[in-house]
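When we follow UniProt numbering, the leftmost residue of the sequence shown carries the number 1, and every step to the right adds one.
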Amino acid sequence: MAKMDEVARRPGRWARFLLYAHIPSRVVYTIESQTMLPIRKAVFPVAGLGTRFLPATKAMPKEMLPIVDRPLIQYAVEEAVAAGITELIFITGRNKRAIEDHFDRMPELERDLELKNKVALLDSVRNVIPDSVKCVYTRQPAALGLGHAVLCASALVGDEPFAVLLADDLIDADAPVIGEMTKVAREFEGSVLAVQHVPRNQTNQYGIVSGESVSQGVVQVSGMVEKPHPDVAPSDLAVVGRYILEPGIFDALRATQPGVGGEIQLTDAIASLLKQRKVFGYEYDGVRYDCGSKEGFYRATMEIGRKYHGME
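Shown next, in the form of structure tokens:
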């Protein structure tokens, strides 16, 4: 326990998530209902070109741009690991090798830090990902939308429920949101989408759900529309980048017709899934930063720097 106590005293979000990760998953986040298998796998679609951040992303994946002292993708990975996920599936594209290198061991660097007695830095490098967590990488051959990226993981996921985390949505919360969503999936036995209220004039930027409340913060979804005009949006509940999906989503994705630009939309497939399976929206408790925009990225850097690193 001495090592864990040392980690817990360190400032920053990773220390807090390490504590979550050491809670037995069967007690907190594992789904053990008779009809739903445990959530062991998480999919990270990271094949996007990051054109909003050019020229910074010309040779560097957007997911590797730093928020204070760690790359954007690591925040989503930490959330998944803290929720008990043991297999991380990265859907990559060209020029994304830096992500794989980041989550690999680097013996030369570790040896150098050890010789120089830089204990804190050595620990931060070794704790990028626990040894018990497996990373798998597969290529999305063409940029055909989020739905297509998720479909690329079908052979690796197999016939079990799984999580999807979009790194662009950095969520600062006391408990990992994807872990809280597994609780909802266990209780209500269905797929779960993270949702939040947005200003009505922004509904054309999100997938919007309609439905009825079934519990505090939980809505049973009856319909979904991708980026509706504010005048016709069924609600102001927007889907953000966290999903717990049943394996039936893969058949729904295969049956989904490509839209504009030949892209397959995950929202369309989930809407199709509603005809056969229950889908729920979970209103999470936390602060979301849209790091797919420069404004959101800047805000995340400033606020996380102040909150967890004492920066002014």
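Even for Gly, the Cβ is constructed at its ideal location relative to N, Cα and C. Given the structure is predicted, the values throughout are model-derived calculations rather than measurements.
- Taking a C-beta distance under 8 Å as the contact criterion, Y75 and V192 do not qualify as a contact pair.
- Going by DSSP, M224 is part of the beta strand (DSSP E) stretching over 218–226.
- In the DSSP assignment, Y137 is bridged to F90.
- Taking a C-beta distance under 8 Å as the contact criterion, R277 and G190 qualify as a contact pair.
- In terms of Cβ geometry, A153 and I91 form a close pair [threshold 8 Å].
- The bridge partners DSSP lists for L237 are H197, V209.
- Counting C-beta atoms within 10 angstroms of its own C-beta, R186 has 16 or more neighbours from the protein chains shown and is therefore classed as buried.
- T51 counts as exposed, since fewer than 16 other C-beta atoms from the protein chains shown sit within 10 angstroms of its C-beta.
- Rounded to the nearest whole angstrom, the CA to CA distance from G248 to H148 is 15 Å.
- The secondary-structure analysis by DSSP pairs I99 with nothing; it has no beta-bridge partner.
- Taking C-beta atoms under 8 Å as the contact rule, V177 and G286 qualify, at a distance of about 6 Å.
- Excluding the 5 residues flanking it on each side, D268 has same chain C-beta neighbours closer than 6 Å at T256, in chain order.
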